[in-house]
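> Residue numbers for the sequence shown follow numbering that gives the first Met the number 0, so the first one is 0 and each next one is one higher. We put the beta carbon where it would ideally sit given N, CA and C, even for glycine. Below: one structure in structure tokens.
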Amino acid sequence: MAFPEGFGWGASTAAYQVEGGWDADGKGPSVWDTFTHQGGGRVFKNQTGDVACGSYTLWEEDLKCIKQLGLTHYHFSLSWSRLLPDGTTGFINQKGIDYYNKIIDDLLTNGVTPIVTLYHFDLPQALEDQGGWLSEAIIESFDEYAQFCFSTFGDRVKQWITINEPNLFALLTYDLGVFPPGVPHHGTGGYQATHNLIKAHARSWHSYDSLFRKGQKGMVSLALFAGWVEPADPNSASDQEAAQRAMAFHLDIFAKPIFIDGDYPEVVKSQVASMSKKQGYPSSRLPEFTEEEKRMIKGTADFFAVQYYSSRLVKYRENDKGELSFLRDVEVEVFPDPSWIKLDWVCVVPWGLRKLLNYIKDTYNNPVIYITENGFPQGDPASLDDTQRWEYFRQTFQELFKAIQLDKINLKVYCAWSLLDNFEWTQGYSIRFGLFHVDFDNPTRPRVPYTSAKEYAKIIRNNGLEGHL
Ligand code: BGC
């Protein structure tokens, strides 16, 4: 089961989850610094990313892990407020530039291609104070930051992700309010943020296209969170429609405007409009794009970056009480098949990834696809001999092999989440996704490979799995 020559094998991290150094050398606060410092039990045991894996000072240790695995790609994110402490180019933090220059240069010296995400959930607090992603002003700020990054690092970075999982982020942050600033806007905030996130992404893609592409010859996309959903009863038309609605509301709501025609899926528009009407709103809670905006948004991604963890079953559930919520607008009930192994919120369904890849191929005209995150958690304390978890990775690679060979999916890169155990947002350090174990009680934060890391290194060395299908 050899993968195509030149296939990319990577691993991912994100700035706030690994760096620490939250106020080191002039870094400004991000919303996660503020949120975790406020305490209040919104994060497991009120833990913080103040130190996390210490990657701000321990980059050399991370590099050793990357070399031990033999990665061809390393996917990491930049901390906006480390580079621009108040979110604007009014003040630029040279120490932040130095830190990322060192990472990029060391990667390239070691033959590892950087995939760089500009923004992975950690908005500068100064911009949140001005309304964050609920305010249209963020589009300009994001574009300014993106241009700054392209011009500072783009001579060496050729694979850019503008925004990490804007679809999940909009929901968790501005609809449910479980991510900072921790204020819910049920049924409205998620859509408002979605609107601004799409426009900000598109705007920065155009900046790259017109100002940098010719000289730098790179590629720009955004990384979408996607699960796979199956109708609970495959013979039920209403369950099938429920599955389509679930895909439309969580994936296509971003992917269709950006990859197809600049506008939201019809089913999302009609569903939110009719629900809003019932609830007495004068117009739909889903904002509309102007014709000019649609033209600006359409076609603004150079590849399809997707992040897959889990699958679910779905069936129709009427919003009979007229509940005001993004999730209730979809009118589905979502649940795992009882036969699936469940690790925390992740159901182990490797074949769901193959189906998802086929969905992307069929819906989005067979794009080049990068899997920029995929992984399985362990509880804490975790066993270094994670043979069972490796089995899930192995099955996943088998599915990817079938997707490439049999389904002709244009898959170019796979990145495991994550290089290291790290700060898992509201779950703190209670669950571990790393290929390397990190001891968070030890000030030197030693990194020790799990069995999965040793096995992944073999896969990379062989460019695939041993044996046949
Ligand atoms: C996020 C990561 C997170 C991972 C595991 C993804 O949705 O991008 O930051 O750690 O899921 O929960």
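Reducing DSSP to helix, strand and coil, say where Thr71 ends up.
In the structure shown, Thr71 sits in coil (DSSP, three-state: anything other than H, G, I, E or B).
> In whole angstroms, give me the CA-to-CA distance for Thr7 and Ile459.
According to the sequence provided, residue 7 is Gly. The question's Thr does not apply to it. Rounded to the nearest angstrom, the two C-alpha atoms are 9 Å apart.
> Taking only runs of the alpha helix (DSSP H) that begin and end inside the region 91-125, which ones reach a length of at least 4 residues, in chain order?
Runs found: 93-108.
> Using the C-alpha atoms, what's the distance from Ala222 back to Pro28?
Cα to Cα, Pro28 sits roughly 24 Å from Ala222.
> Once DSSP output is grouped into helix, strand and coil, what is the label at His200?
His200: helix per DSSP, three-state reduction.
> Just to confirm before moving on: does the CB-CB distance between Val177 and Ser310 stay below 8 Å?
The answer is no: Cβ separation not under 8 Å.
> Within 7 Å: the Cβ of Tyr307 and any heavy atom of the ligand BGC?
No, the Cβ of Tyr307 stays beyond 7 Å of every heavy atom of the ligand BGC.
> Do you know how far the Cα of Thr116 is from the Cα of Tyr308?
Whole-angstrom Cα-Cα distance: 19 Å.
> Under three-state DSSP, which class holds Glu127?
Helix at Glu127.
> Please report the distance separating the alpha-carbon of Trp159 from that of Ser220.
Cα to Cα, the separation comes out at about 6 Å.
> Using DSSP's beta-bridge definition, name the partner residues of Pro230.
Bridge partners of Pro230: Val313.
> Of the residues Asn364, Asn441 and Ile103, which one's Cα is nearest the Cα of Val156?
The residue with the shortest Cα to Cα distance from Val156 is Ile103.
> Is the CB-CB distance between Ala415 and Tyr455 below 8 Å?
Yes; because the gap between Cβ atoms is below 8 Å, this pair is in contact.
> Assuming Leu326 is part of the alpha helix (DSSP H), what are its boundary residues?
Counting along the chain, the alpha helix (DSSP H) containing Leu326 begins and ends at Phe325 to Asp328.
> By Cβ distance, which residues of its chain are closer than 7 Å to Val111, with the 5 residues on each side in sequence left out?
Cβ within range, chain order: Ile65, Leu70, Thr71, His72 and Tyr73.
> So does Trp132 have its beta carbon nearer than 7 Å to some heavy atom of the ligand BGC?
No, the Cβ of Trp132 stays beyond 7 Å of every heavy atom of the ligand BGC.
> Comparing C-alpha positions only, which one of Leu410, Asn441, Val447 and Phe432 sits nearest to Glu4?
Closest by alpha carbon: Leu410.
> Contact check, Thr425 vs Val42 under 8 Å by CB: the rounded distance?
Thr425 to Val42, Cβ: 5 Å. Contact.
> Suppose the cutoff is 6 Å on Cβ atoms and the five residues either side in sequence are ignored; what does the same chain contact list for Gly332 look like?
For the sequence presented, residue 332 should be read as Glu rather than Gly. For Glu332, where only same-chain residues beyond five positions count, the Cβ hits under 6 Å are Lys314 and Arg316.
> Assuming contact is defined by CB atoms lying nearer than 8 Å, are Tyr363 and Ala201 in contact in what I supplied?
Contact flag unset, no.
> Going by the beta-carbon positions, is the gap between Phe432 and Asp440 smaller than 8 Å?
No. Outside cutoff.
> Taking 7 Å as the line, does the beta carbon of Leu167 fall inside it for any heavy atom of the ligand BGC?
Within the cutoff, so yes.
> Which residues share a DSSP beta bridge with Gln306?
Gln306 is bridged to Phe224 and Glu372.
> CB-CB under 6 Å to Ala381, same chain, minus the five flanking residues each way: which ones, in chain order?
Arg431.
> Please classify Asn109 as buried or exposed, where buried requires at least 16 neighbouring CB atoms within 10 angstroms.
That one is exposed.
> Does the count of Cβ pairs from the region 14-32 and the region 120-133 closer than 8 Å reach three?
Output reads yes: the region 120-133 touches the region 14-32.
> Excluding the five sequence neighbours on either side, which residues of its own chain have a C-beta within less than 7 Å of the C-beta of Gln129, listed in chain order?
If we look at Gln129 and ignore the five residues flanking it on each side, its Cβ neighbours are Ala136.
> For Ile114, which option in Lys94, Ile162, Gly39 and Asp97 has the closest C-alpha, if you only look at C-alpha atoms?
With distances taken between Cα atoms, Ile114 lies closest to Ile162.
> Using only the heavy atoms of the ligand BGC, determine whether one of them is closer than 7 Å to the beta carbon of Glu18.
Incorrect: Glu18 has no Cβ contact closer than 7 Å to the ligand BGC.
> Taking only runs of the alpha helix (DSSP H) that begin and end inside the region 20-74, which ones reach a length of at least 4 residues, in chain order?
DSSP runs (the alpha helix (DSSP H)) wholly in the region 20-74: 30-37 and 58-68.
> Use the C-beta contact count for Arg486: other C-beta atoms within 10 angstroms, 16 or more gives buried, fewer gives exposed.
The structure shown has nothing for residue 486, since the chain only spans 0 to 468.
> Around the Cβ of Arg294, are there at least 16 other Cβ atoms within 10 angstroms (buried) or fewer (exposed)?
Exposed.
> Express the C-alpha separation of Pro230 and Gln239 in angstroms, rounding to a whole number.
Between Gln239 and Pro230, the C-alpha separation is close to 5 Å.
> In whole angstroms, what is the alpha-carbon distance linking Gln270 and Ala304?
Going from the Cα of Gln270 to the Cα of Ala304 covers about 27 Å.
> Is the CB of Pro113 under 8 Å away from at least one CB in chain E?
Of the chains in the structure shown, none is chain E; there is only one protein chain.
> Would you please state the rounded distance, in angstroms, between the beta carbons of Asp154 and Met218? I believe it to be under 8 Å.
Their Cβ separation, rounded to whole angstroms, is 15 Å, which puts Asp154 and Met218 out of contact at 8 Å.
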